[in-house]
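Here the structure is laid out as structure tokens; the discussion comes afterwards.
Number of protein chains: 2
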Amino acid sequence: MAHSPNSNAQDFRSACSIARTLDLLGDKWTLLIIRDLMWHGKHTFQQLQESAEGPPTNLLSGRLKKLMEQGLVKREPYQERPVRYRYELTDKGRSLEGILKDLMVWGHEHLGGGFYEPGGSKTL
Amino acid sequence: MAHSPNSNAQDFRSACSIARTLDLLGDKWTLLIIRDLMWHGKHTFQQLQESAEGPPTNLLSGRLKKLMEQGLVKREPYQERPVRYRYELTDKGRSLEGILKDLMVWGHEHLGGGFYEPGGSKTL
Numbered sequence: 000m001a002h003s004p005n006s007n008a009q010d011f012r013s014a015c016s017i018a019r020t021l022d023l024l025g026d027k028w029t030l031l032i033i034r035d036l037m038w039h040g041k042h043t044f045q046q047l048q049e050s051a052e053g054p055p056t057n058l059l060s061g062r063l064k065k066l067m068e069q070g071l072v073k074r075e076p077y078q079e080r081p082v083r084y085r086y087e088l089t090d091k092g093r094s095l096e097g098i099l100k101d102l103m104v105w106g107h108e109h110l111g112g113g114f115y116e117p118g119g120s121k122t123l
Numbered sequence: 000m001a002h003s004p005n006s007n008a009q010d011f012r013s014a015c016s017i018a019r020t021l022d023l024l025g026d027k028w029t030l031l032i033i034r035d036l037m038w039h040g041k042h043t044f045q046q047l048q049e050s051a052e053g054p055p056t057n058l059l060s061g062r063l064k065k066l067m068e069q070g071l072v073k074r075e076p077y078q079e080r081p082v083r084y085r086y087e088l089t090d091k092g093r094s095l096e097g098i099l100k101d102l103m104v105w106g107h108e109h110l111g112g113g114f115y116e117p118g119g120s121k122t123l
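Residue numbers (numbering that gives the first Met the number 0), protein chains in the order written: chain S, 0 to 123; chain R, 0 to 123.
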């Protein structure tokens, strides 16, 4: 099974690019964490936990770990004793912005959700 | 919570359009079923089950039911005794094509998956 140089060694279900993307991002939470890092200025564990959807602690912790393993998110300590981290998207993580926008536009048109314009006024 | 006229009555986690879309499509299988209906000429239960990823019977059955309830998929009987159905995307289901393409492009660029050109040669 061919991998591009920047993919992690990982067992994928198939050679299909959609299936592979869903292997990483196909759940109800991962893309919301990426949304908060990308658009909503949430960078600490506590900020991410206070999102509108309120991800459970264990889930958030596990997803951040997975996102770091996949090279979509990185973190730096911003405080010691106790150590606290600031989470940021990597370039690979930021490259998901188009997908986020598409999901938003579709949910706005078909499910009556809010419309958010990155950099513009927040209507989320 | 405001809904557009064509949305089903449903409890969503939040007003965020991305969260709502993930409430419907945020799993590892639903968008693969939509992919097969959209691009790969798979329209019977058996054809859908024979996809590269081989969805388990119960899972496929449950997802098709949910997709019909949400108005993304419709079915017509093509045979009686025993009755067999042909599954098709509705217009609402077809409106997901842009999201499928984006997921494919991202998985191709970042995870080494195949590139498929709808209407062109299959490299999936």
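We treat Cβ as the ideally placed atom computed from N, Cα and C, and that holds for glycine.
Item: Cβ pair residue 31 of chain S, residue 21 of chain R closer than 8 angstroms; Value: yes
Item: Residue 24 of chain R: first and last residue of the uninterrupted alpha helix (DSSP H) it sits in; Value: 16-24
Item: Cα-Cα separation between residue 57 of chain S and residue 24 of chain S, rounded to whole angstroms; Value: 17 angstroms
Item: Ranges of the beta strand (DSSP E) found wholly within the stretch 72-108 of chain R, counting only runs of at least 3; Value: 72-78 and 83-88
Item: Three-state class that DSSP yields for residue 112 of chain R in the structure shown; Value: coil
Item: Partners in chain R for residue 97 of chain S, counting only beta-carbon separations shorter than 9 angstroms; Value: 101, 104 and 105
Item: Within chain C, partners of residue 26 of chain S - CB distance below 7 angstroms; Value: This model lacks chain C altogether; the protein chains it does include are S and R.
Item: Chain R contacts from the stretch 49-67 of chain S (Cβ-Cβ distance under 7 angstroms); Value: 51 and 52
Item: Burial state of residue 34 of chain R (16 or more Cβ within 10 Å); Value: buried
Item: 8 angstroms contact criterion, which residue 73 of chain R and residue 87 of chain R should meet: CB distance rounded; Value: 6 angstroms
Item: DSSP-derived helix/strand/coil call for residue 10 of chain R; Value: coil
Item: Own chain residues within Cβ distance below 8 angstroms of residue 54 of chain S, not counting five before or after; Value: 28, 31, 32, 47, 48 and 62
Item: Contacts that residue 31 of chain S makes with chain R (C-beta to C-beta distance below 8 angstroms); Value: 15, 17, 18 and 21
Item: Nearest neighbour of residue 71 of chain R, chosen from R:110, R:90, R:50 and R:51 [CA to CA]; Value: R:90
Item: Contact set between residue 42 of chain S and chain R, taken where Cβ atoms lie within less than 7 angstroms; Value: Chain R residues near residue 42 of chain S: none, gap ~18 angstroms exceeds 7 angstroms.
Item: CB-CB length for residue 42 of chain S against residue 85 of chain S, believed under 8 angstroms; Value: 5 angstroms
Item: Buried/exposed call for residue 69 of chain R, threshold 16 Cβ in 10 Å; Value: buried
Item: Of the residues S:111, S:117 and S:109, the one placed nearest residue 100 of chain S, counting alpha carbons only; Value: S:117
Item: Three-way DSSP call (helix, strand, coil) for residue 69 of chain S in this model; Value: coil
Item: Supposed contact pair residue 18 of chain R and residue 108 of chain S - C-beta distance, whole angstroms, cut 8 angstroms; Value: Between residue 18 of chain R and residue 108 of chain S the Cβ distance is about 15 angstroms, and since that is not below 8 angstroms, they are no contact.
Item: Local conformation of residue 27 of chain S per DSSP, three classes; Value: coil
Item: Residue 11 of chain S versus residue 111 of chain R - alpha carbon distance; Value: 10 angstroms
Item: Span separating the alpha-carbon of residue 16 of chain R from that of residue 105 of chain S; Value: 7 angstroms
Item: Chain S contact residues for residue 91 of chain R, given Cβ-Cβ distances below 7 angstroms; Value: 109
Item: Span separating the alpha-carbon of residue 39 of chain R from that of residue 79 of chain R; Value: 25 angstroms
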